[in-house]
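Working notes, beginning with the structure itself.
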Ligand SMILES: *Cc1c(COP(=O)(O)O)cnc(C)c1O
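Numbering (this note's numbering), first residue to last: 56 to 293.
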């Protein structure tokens, strides 16, 4: 059991999953939104396959991973569960893009044309186009991945020509350690940018933001994919 030491009991994961779903329900109803239009993405990075299986057995289907090798291993091990939707949400080196093209349904962290081009070439004709979100550096942080807010519309326009990827929306990881009012400003910026792009581009319907700490706020600002790790699977070991 040593390799499972970072895992919680399956009952615990089940309860936590239900709690997070309830938080989303409540936040949605306060915001006059339909919670059925909000997807909970269970972020299983660093957690064992058995934790994913537990969430799956409790009806969960969307899983998010950050590290290419770990992610591909998990996708292969769970390949009999054909209705899992795999989302890659971490930074991607261009020389690893073929793994994402081959094994994933969604890629949330697109911020380079070079990667878009490679994914487009590597996605095979017998797969559906890869769903992608453009990552936005909403708080203009120095060492943060993502496209600057002012450049997002041009970036989205420039990847429309790639037919094997489908640009579905925007993703952001706002600045850590800020208070609610600062977080609201970041989410409000994303909400405006998202709505502009949704009017301009076809099939643009996804706003990926909100994590364990701030999911209620994200729901207020129209997020429709919420990415939660810690509050479902427990703290991650460093
Ligand atoms: C790890 C991670 C999450 C989940 O964060 P928690 O705080 O554990 O809920 C969400 N999004 C991204 C991009 C992550 O890397």
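Note that CB positions come from ideal geometry on N, CA and C, so glycine has one too. None of the values given here were measured: they were computed from a predicted structure.
What's the C-alpha gap between residue i and residue j?
i           : j           : result
residue 48  : residue 272 : The structure shown does not extend to residue 48, since the chain spans only 56 to 293, so no value can be given for it.
residue 224 : residue 292 : 31 Å
residue 93  : residue 169 : 30 Å
residue 239 : residue 259 : 22 Å
residue 121 : residue 268 : 18 Å
residue 91  : residue 275 : 15 Å
residue 56  : residue 105 : Low local confidence applies: a pLDDT of 39 at residue 56 is under 50, so the model's placement there is unreliable, and no value is given.
residue 278 : residue 145 : 19 Å
residue 85  : residue 74  : 17 Å
residue 244 : residue 174 : 28 Å
residue 83  : residue 182 : 33 Å
residue 219 : residue 180 : 8 Å
residue 95  : residue 251 : 24 Å
residue 167 : residue 211 : 11 Å
residue 156 : residue 185 : 7 Å
Sort the options by Cα distance to residue i and report the nearest one.
i           : options               : result
residue 288 : 102, 159, 207 and 257 : 102
residue 187 : 99, 69, 91 and 172    : 172
residue 226 : 163, 180, 219 and 195 : 163
residue 67  : 245, 107 and 81       : 107
residue 141 : 165, 65, 98 and 88    : 98
residue 136 : 146, 109, 152 and 149 : 109
residue 247 : 210, 193, 280 and 199 : 193
residue 221 : 82, 178 and 235       : 178
residue 114 : 127, 139 and 123      : 139
May I ask which residues mark the beginning and end of the alpha helix (DSSP H) holding residue i?
i           : result
residue 245 : 235 to 255
residue 68  : 65 to 85
residue 219 : Segment: none, residue 219 is in no alpha helix (DSSP H) and carries neither H nor E.
residue 190 : Here residue 190 belongs to no alpha helix (DSSP H); instead the beta strand (DSSP E) covers 185 to 191.
residue 130 : 123 to 132
residue 174 : 168 to 177
Does the beta carbon of residue i come closer than 7 Å to any beta carbon on chain C?
i           : result
residue 262 : As a matter of chain content, chain C is missing from the structure shown, which is built from one protein chain.
Looking at the secondary structure, which residues open and close the beta strand (DSSP E) in which residue i lies?
i           : result
residue 120 : 117 to 120
residue 280 : 280 to 283
residue 165 : 161 to 165
residue 263 : 261 to 263
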